[in-house]
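In what follows, a single structure is set out as structure tokens and then discussed.
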Amino acid sequence: MPDRRISFRAPPGTRDLLPPESWEWQALSRLAIDSFERAGYAPVETPAFEHTEVFARGVGEGSEVVHKQMYTFSDQGGRSLTLRPEGTAAVMRMVLEHSLQRGPLPLKLCYSSAMFRQERPQKGRYRAFFQVGIEAIGSLEPSIDAEVIELGHRFLLNAETEPRLLLNSIGHPSESCRGGYLDKLRSFLRAHSSDLAEPDRQRAETNPLRSFDSKEPSTIAALEDAPLITSHLCDACRDHFQRVQDLLTDLELDFELEPRLVRGLDFYTRTAFEWVSSNLGSQSALCGGGRYDGLSQALGGPELGGIGFACGVERLLLARTGPSAPSLVGVYIVALSDEARREALMLASSLRSAGVGCDLDHSRRGLKGQMKDAVRSGATWAVILGDEELRERRAGLKNLRTQEQEQVPWHQLEKRLAP
RNA sequence: GCGGCCGUAGCUCAGCAAGGUUAGAGCACCUGGUUGUGGUCCAGGAUGUCGCCGGUUCGAAUCCGGUCGGUCGCCCCA
């Protein structure tokens with residue numbers, strides 16, 4: 123319970139990120155952006171809010187996200203604005219606004235940004251949350267699909283999350299492909315309407331694909347023999363999907379074909395994928411993505427295919443099984459007198475300039491307290507400065523892991539502690 | 001929008017069913033034992049309007065009503 127004299131707390135579904143979790147959070151974001159940049163993806167940042175239309179048209183009016191989860195408000199000029207509920211539509215808006223599609227393609231972009239959705243909060247799901255993701259825009263080649271998926275997979279492995287990769291293709295909207303399939307699925311659902319669980323019947327009409335997301339046992343049973351998208355793809359989409367699979371196999375990347383995998387946002391086409399983890403409570407999706415060849419045109423742009431994914435950082439934190447991030451403080455300076463404290467502050471400054479992470483006491487703690495704080499800081503080394511050391515211009519250098527200690531002249535300290 | 005569970009110290013919780021001395025424990029924090037050496041041990045210290053409002057009662061952390069908040073699940077999604 124927080125201090126009751128404080129009358130405010132973070133709004134429902136939002137949370138403060140504080141140590142030690144915040145260390146992990148930072149390390150994860152850095153790891154993500156770092157791995158994406160190494161593959162040629164440039165970091166971008168779009169505004170936290172957009173004209174509502176960007177999401178209404180980009181994400182799709184029919185989607186749940188747009189329908190009832192957006193934080194929408196009017197500004198003083200009467201414009202309708204919306205806090206971004208996801209990143210892809212905003213990034214595409216940015217690309218089109220600056221005509222980036224006229225430069226070399228594909229555009230390879232990455233981001234780590236806050237997203238906002240009004241949903242009922244629960245484990246692994248917040249109203250304000252962070253996503254790290256990438257977008258590759260302007261190539262229809264299967265190789266870019268494979269690159270994007272491989273980057274996501276390797277990132278999740280490096281993030282110690284034990285991901286399972288689910289893969290599907292949802293074709294494209296025309297009658298010869300997903301359109302025709304949806305008709306067949308609808309007839310199937312109508313024929314089996316009485317077997318569906320009550321909440322799923324309505325949805326079977328409005329958004330038949332989503333029936334596959336149901337957790338109702340009776341619905342799952344009824345869908346046992348439902349037609350699957352993968353056997354109704356047009357030749358071009360089928361070929362694309364096969365080539366993506368071949369490339370992933372070349373990359374020795376394990377994936378599970380999941381013909382029931384669908385996407386929540388309307389703009390997705392062809393390749394759809396998702397990484398899941400079993401540590402997320404009732405949420406299972408760690409990271410989700412797919413190809414969105416219709417998005418640019420939905421926003422009034424030219425034909426411009428793209429593919430990308432977004433990972434929920436809070437979910438990554440929940441799914442992590444590996445060791446925690448190491449401290450960037452390598453050295454803790456222990457000072458035993460006022461004179462030594464002055465010296466310690468100067469030493470800290472020069473060590474930091476040399477790139478050595480270090481910390482020191484500011485509470486006038488005694489030796490014992492400072493040693494304790496040194497351990498707490500995560501430092502490997504304690505540099506001990508007492509009157510005797512000051513006189514002889516040397517310092518006690520103690521390795522906090524091995525407990526070995528020696529005396530080192532000041533001028534050698536920096537060299538000994540250099541990273 | 002709907003449902004389950006839970007609100008007592010910074011954290012995790014005991015106490016509540018049979019209302020009754022100064023409301024407890026563990027962890028964490030600070031000090032000392034060791035006037036110059038951390039993770040163990042010992043001693044001590046600081047920290048609470050028992051979520052809030054009202055009712056019942058001589059008396060409420062405990063019973064009743066309401067309210068606010070948290071959490072997990074449904075829906076949906078990262």
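The first sequence begins at 123 in the working numbering and counts up one residue at a time. Every residue, glycine too, gets a C-beta built ideally from N, C-alpha and C.
- Minimum Cα-Cα distance from residue 442 among the listed residues 472, 460, 412, 399 corresponds to 399.
- Short of 7 Å from the beta carbon of residue 281, and not among the five residues preceding or following it, lie these beta carbons of its own chain, in chain order: 150, 153, 438, 442.
- DSSP lists 504, 527 as the beta-bridge partner residues of residue 520.
- The beta carbon of residue 315 sits closer than 8 Å to those of 323, 326, all from its chain and outside the five residues before and after it, given in chain order.
- Listed in chain order, the beta strand (DSSP E) runs fully inside the region 272-340 are 286-291, counting runs of at least 3 residues.
- The closest CA to that of residue 395, considering only 419, 363, 227, is found on 363.
- Shown here for residue 446: same chain residues with a beta carbon closer than 8 Å to its own, the five before and five after excluded, namely 142, 145, 146 in chain order.
- Taking the Cα of residue 212 as reference, the smallest distance to any Cα among 417, 464, 459, 540 is reached at 417.
- DSSP places residue 537 inside the alpha helix (DSSP H), whose first and last residues are 532-539.
- When secondary structure is reduced to three states using DSSP, residue 206 falls in the coil class, being assigned neither helix nor strand.
- With contact defined as three or more Cβ pairs closer than 8 Å, the region 174-185 and the region 256-268 are not in contact.
- By the Cβ test, the region 344-364 is in contact with the region 299-313, since at least three Cβ pairs between them sit closer than 8 Å.
- Under DSSP, residue 237 shares a beta bridge with 251.
- With contact defined as three or more Cβ pairs closer than 8 Å, the region 406-415 and the region 423-432 are in contact.
- Per DSSP, the beta bridge partners of residue 397 are 287, 409.
- Across the structure, residue 226 and residue 234 are spaced so that their CA atoms are roughly 23 Å apart.
- Listed in chain order, the non-local C-beta contacts of residue 197 below 8 Å within the same chain comprise 203, local neighbours out to five positions each way being set aside.
- The C-beta distance from residue 433 to residue 255 rounds to 6 Å, short enough to meet the 8 Å contact threshold.
- Bounds of the beta strand (DSSP E) holding residue 195 are 194-196.
- Inter-segment contact for the region 291-301 and the region 333-345 is absent: fewer than three beta-carbon pairs are separated by less than 8 Å.
- If only complete runs of 4 or more residues are kept, the region 438-487 shows the alpha helix (DSSP H) at 460-475, in order along the chain.
- Scanning its chain for C-beta atoms nearer than 8 Å, with the 5 sequence neighbours on each side dropped, one finds around residue 390 the residues 292, 412, 413, 414, in chain order.
- In this structure residue 165 is exposed. Its beta-carbon is surrounded by fewer than 16 other beta-carbon atoms within 10 angstroms.
- In the three-state scheme derived from DSSP, where H, G and I count as helix and E and B as strand, residue 245 is classed as coil.
- Cβ atoms of residue 267 and residue 188 stay farther apart than 8 Å, at about 26 Å.
- Excluding sequence positions up to five before and after residue 465, its CB lies within less than 8 Å of the CB of 457, 507, 512, all in the same chain and listed in chain order.
- Taking each of 485, 460, 461, 454 in turn and checking the Cα distance to residue 470, the smallest one comes out for 454.
- The residues 218, in chain order, have a CB closer than 6 Å to that of residue 423 in the same chain once the five nearest residues on each side in sequence are set aside.
- Taking the CA atoms as reference points, residue 539 sits about 49 Å from residue 264.
- Looking at the DSSP output, residue 200 shares a beta bridge with no other residue.
- Beyond the five residues adjoining it in sequence on each side, residue 319 comes within less than 6 Å, by CB distance, of 338, 340, 341 in the same chain, given in chain order.
- By the 16-neighbour rule on beta-carbons within 10 angstroms, residue 515 is exposed.
- Per DSSP, reduced to three states, the secondary structure at residue 131 is coil, with no helix or strand assignment.
- The beta carbon of residue 135 is closer than 6 Å to those of 243, 248, 249 in its chain, skipping five residues each way along the sequence.
- A straight line joining the alpha-carbon of residue 499 with that of residue 518 spans about 18 Å.
- Under DSSP, residue 259 shares a beta bridge with 229, 428.
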